[in-house]
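Line order of the protein sequences matches chains A and B.
My numbering numbers the first residue of the first sequence as 1 and each following residue consecutively.
My numbering numbers the first residue of the second sequence as 1001 and each following residue consecutively.
2 protein chains.
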Amino acid sequence: MHKKQVSVFIPDSFLSETTDLKLKTYKTGVIGRALAVFNVNLIVIYKDLSQKDDKFVKDSDFMADILGYMNTPQYLRKKAYPIKSELKHVGILPPLRTPHHPTDPDVKVGEFRQGFTVKRNKKGTFVDIGMNNENLAFCKEQLSVNKVFSFKVIKVAKEVIVEPDEPDDVYWGYDILSTHKSLKNSLKLVNPDFVIETTRYADTINSIFNEFEEKVDSASKLAIVFGGPYSSISEELDGFSWDLIKVNTIPSQGTETVRTEEAVLSTLSIINMLLNFVD
Amino acid sequence: MHKKQVSVFIPDSFLSETTDLKLKTYKTGVIGRALAVFNVNLIVIYKDLSQKDDKFVKDSDFMADILGYMNTPQYLRKKAYPIKSELKHVGILPPLRTPHHPTDPDVKVGEFRQGFTVKRNKKGTFVDIGMNNENLAFCKEQLSVNKVFSFKVIKVAKEVIVEPDEPDDVYWGYDILSTHKSLKNSLKLVNPDFVIETTRYADTINSIFNEFEEKVDSASKLAIVFGGPYSSISEELDGFSWDLIKVNTIPSQGTETVRTEEAVLSTLSIINMLLNFVD
Chain A
1 MHKKQVSVFI
11 PDSFLSETTD
21 LKLKTYKTGV
31 IGRALAVFNV
41 NLIVIYKDLS
51 QKDDKFVKDS
61 DFMADILGYM
71 NTPQYLRKKA
81 YPIKSELKHV
91 GILPPLRTPH
101 HPTDPDVKVG
111 EFRQGFTVKR
121 NKKGTFVDIG
131 MNNENLAFCK
141 EQLSVNKVFS
151 FKVIKVAKEV
161 IVEPDEPDDV
171 YWGYDILSTH
181 KSLKNSLKLV
191 NPDFVIETTR
201 YADTINSIFN
211 EFEEKVDSAS
221 KLAIVFGGPY
231 SSISEELDGF
241 SWDLIKVNTI
251 PSQGTETVRT
261 EEAVLSTLSI
271 INMLLNFVD
Chain B
1001 MHKKQVSVFI
1011 PDSFLSETTD
1021 LKLKTYKTGV
1031 IGRALAVFNV
1041 NLIVIYKDLS
1051 QKDDKFVKDS
1061 DFMADILGYM
1071 NTPQYLRKKA
1081 YPIKSELKHV
1091 GILPPLRTPH
1101 HPTDPDVKVG
1111 EFRQGFTVKR
1121 NKKGTFVDIG
1131 MNNENLAFCK
1141 EQLSVNKVFS
1151 FKVIKVAKEV
1161 IVEPDEPDDV
1171 YWGYDILSTH
1181 KSLKNSLKLV
1191 NPDFVIETTR
1201 YADTINSIFN
1211 EFEEKVDSAS
1221 KLAIVFGGPY
1231 SSISEELDGF
1241 SWDLIKVNTI
1251 PSQGTETVRT
1261 EEAVLSTLSI
1271 INMLLNFVD
């Protein structure tokens, strides 16, 4: 796992060419998988200003739901995502198979697990961490209930004791923001120090490879931003607190347009390679 | 467009995790798009020997049909692909939007077009090249009928005259082979001089970057081979007429497994960048 924070920004118009709910689910699943394969920490869905007012608010929240569902371990999905009609095709989503989705119901001391806070008393909180027979672990802190947190297993005896904690040496999934804000304002929320704007109208990656590599090397919070099906990024991202580079990661593209999910995978592949140069 | 010949090899087990015909169609479409985005010349579907005898013969031919359909210009699809039930979801396939799929019914002298040979007489062959009112062009050669060939427009008058020809400076789509043969024997059919075997068990791309770049540079016929959903490539590809390199193009992968379509896009992205270094 690389040590930098990497976030990916996609527009709320991402699904607009598809009306079929099953395909919308599948297409979002492609993004979820790409994030996990390449250890991305945060996905931000911003408002595509080239499109009419609030046209895609619903799609934005749908994507956030699907990506959240994928990022939730199998044993917590039913609790964390109550049945609703938009989620009826989640069965086709490919599993992430990340370290934060363990499949073993037996827990070990020192292991990290995501857990769902079921109920609380004066001494602490009962947490579902995916053990057999829906047995609950206990955390000696008073946490909000009906939420997913990460825990470390402290003791395995008659009772399993956990405390809130997250590992820092394995990939632990991604966070999701559906901002309903412009790209610029969404970037300000995240506050990266280096923004990579992908567009076919910029210099090609091969022509600026060394400069690009050095910038990736010296950045600590990278944001990679993508346009939607209708246009490249329409907002001007220059002149803010972050360093900006525009790059075409698909030189000599054979097709007139590149779809957002294709650009996401292709770009993350190259940046992942560079991040591994650096580490 | 790069000057080297690039072929991609995927196993016939590619679709085996999906039973839904619509999703099988969509998943194959992801591959077709990736080939066109990255100017791939040939896709070969080989027999995955890790799977039971002939289990995926049908899937192999289905993929070839879908990829062929995508590679055919819109104006020839109905002629070249008569209705059959396996093709009922082709409406969801994204268009390639490549130079060999023109959308203008007016043809110009010097232009290249794919055409379907409709009928033949002693003087030559009538060809549908997508003009208005289903007007046919004429080619002064006797060609087999009911086939798709590439033509150059020689004369535009009362009659449009074409001759068989293909451009060499723009991407002109991909060829498809469904071999029903092992990977080794499929490679022998294509006879590349450099084979890139993608596997997570090999050296990572970042650790062998310079060596890899030099080999790509000196090769003229590259074959990039991918495993299927069940396993890495099981055949031994060393010791043949080609130079072989094994490489992991996704260092530090966050997920336990990488899906074939994810590996295809990620790998082609890096190799496309390298091919553009070289040109």
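We treat Cβ as the ideally placed atom computed from N, Cα and C, and that holds for glycine.
* Any idea if A:Lys-27 is buried or exposed, counting beta-carbon neighbours within 10 angstroms, 16 or more meaning buried? -> Label assigned to A:Lys-27: buried.
* Closest residue to A:Ala-36 among A:Thr-98, A:His-89, A:Val-44 (Cα-Cα distance) -> A:Thr-98
* Which term fits B:Tyr-1171, buried or exposed, when burial requires 16 or more other beta carbons within 10 angstroms of its beta carbon? -> Its Cβ being crowded by 16 or more others within 10 Å, B:Tyr-1171 is buried.
* **Range covered by the alpha helix (DSSP H) that runs through B:Thr-1127** => According to the sequence displayed, residue 1127 of chain B carries Val and not Thr. Premise fails: B:Val-1127 lies in the beta strand (DSSP E), 1124 to 1128, not in any alpha helix (DSSP H).
* Asked: Considering A:Tyr-26, what are the terminal residues of the alpha helix (DSSP H) in which it resides?
  -> 21 to 37 is the span of the alpha helix (DSSP H), which, as asked, contains A:Tyr-26.
* For A:Gln-114, count neighbouring Cβ atoms within 10 angstroms of its own Cβ and tell me buried if that reaches 16, exposed if not. => Answer is buried; the Cβ neighbour count reaches 16.
* Asked: Counting only beta-carbon atoms, is A:Asp-168 nearer than 9 Å to chain B?
  -> So no, A:Asp-168 is outside the interface.
* Closest residue to B:Lys-1122 among B:Ser-1182, B:Ser-1241, B:Asp-1106, B:Cys-1139 (Cα-Cα distance) -> Selection B:Ser-1182, B:Ser-1241, B:Asp-1106, B:Cys-1139 evaluated against B:Lys-1122 yields B:Cys-1139 as nearest (Cα-Cα).
* If the cut is a Cβ gap below 8 Å, which residues of chain B does A:Gln-51 touch? -> In chain order: nothing, as chain B lies at least about 20 Å away.
* B:Leu-1042 vs B:Ser-1085 beta-carbon contact at 9 Å -> no
* Could you name the residues of the same chain whose beta carbon sits closer than 7 Å to that of A:Glu-261, not counting the 5 residues immediately before and after it, in chain order? => Lys-27, Val-30, Ile-31
* **Terminal residues of the alpha helix (DSSP H) in which B:Leu-1258 lies** => A small correction: the amino acid at residue 1258 of chain B is Val; Leu does not occupy that position in the sequence shown. No alpha helix (DSSP H) contains B:Val-1258, which DSSP labels as neither H nor E.
* Asked: Based on the DSSP output, what are the partners of B:Val-1162 in its beta bridges?
  -> B:Cys-1139, B:Val-1153
* **DSSP bridge partner residues for B:Glu-1197 (one or two, in chain order)** => B:Val-1225, B:Lys-1246
* Taking only beta-carbon positions, decide if B:Gly-997 is within less than 9 Å of chain A. => The structure shown has nothing for residue 997 of chain B, since chain B only spans 1001 to 1279.
* To do: Taking only beta-carbon positions, decide if A:Phe-277 is within less than 9 Å of chain B.
  => yes
* Closer than 7 Å at the beta carbon, the chain B residues around A:Asn-39 -> Ser-1252, Gly-1254
* Asked: Hey, quick one: how far does the alpha helix (DSSP H) through B:Ser-1186 stretch, first residue to last?
  -> Counting along the chain, the alpha helix (DSSP H) containing B:Ser-1186 begins and ends at 1183 to 1190.
* What does A:Ala-36 reach in chain B if we use C-beta pairs closer than 7 Å? -> Gly-1254, Thr-1255
* Asked: Which residue spans inside the stretch 71 to 134 of chain A form an unbroken beta strand (DSSP E) run of at least 3?
  -> 112 to 121, 124 to 128
* the stretch 1060 to 1076 of chain B in contact with the stretch 1125 to 1132 of chain B per 3-pair CB rule at 8 Å -> yes
* Classification of B:Val-1040 by the beta-carbon crowding that lies within 10 angstroms, buried from 16 upward -> buried
* Asked: Do A:Tyr-81 and A:Gly-68 come within 9 Å of each other at the CB atom, strictly closer than that value?
  -> A contact, by the Cβ cut-off of 9 Å.
* Evaluate the contact criterion for the stretch 1183 to 1198 of chain B versus the stretch 1149 to 1164 of chain B: three or more CB pairs, one atom per stretch, below 8 Å. => no
* Going along chain A in order, which residues have a C-beta closer than 9 Å to the C-beta of B:Thr-1098? -> Gly-254, Thr-255, Glu-256
* Within chain B, partners of A:Ile-270 - CB distance below 8 Å -> Ser-1269, Ile-1270, Met-1273
* Report buried or exposed for B:Ile-1083, applying the criterion of at least 16 other Cβ atoms within 10 angstroms of its Cβ. => exposed
* Partner residues on chain A for B:Ser-1060, Cβ-Cβ distance less than 8 Å -> For B:Ser-1060, no chain A residue has a Cβ inside 8 Å of its Cβ, as the nearest lies near 22 Å away.
* With distances taken from CA atoms, which of B:Leu-1237, B:Lys-1152, B:Val-1247 is nearest B:Thr-1198? -> B:Val-1247
* To do: Give a yes or no on whether 9 Å exceeds the smallest Cβ distance from B:Ile-1092 to chain A.
  => B:Ile-1092 counts as touching chain A.
* To do: Could you check how far apart the C-beta atoms of A:Ala-223 and A:Val-264 are, in whole angstroms? I think they sit under 8 Å.
  => A:Ala-223 to A:Val-264, Cβ: 13 Å. No contact.
* **Coil, strand or helix - A:Val-145 by DSSP** => Coil.
* Hey, does A:Asp-20 have any beta-carbon neighbour from chain B nearer than 9 Å? -> Closer than 9 Å to some Cβ of chain B, the Cβ of A:Asp-20 qualifies, so yes.
* Asked: Given A:His-100, which residues of its chain have a CB within under 7 Å of its CB, disregarding the five upstream and five downstream residues?
  -> Pro-73, Gln-114, Trp-172, Gly-173
* Going by beta carbon distance, what residues of the same chain come within less than 6 Å of A:Ala-219, once the five residues before and after it are set aside? -> Asp-193, Phe-194
* Asked: What are the residues of the stretch 200 to 214 of chain A that lie near chain B, defined by any Cβ-Cβ distance shorter than 7 Å?
  -> The stretch 200 to 214 of chain A vs chain B, Cβ under 7 Å: Thr-204, Ile-205, Asn-206.
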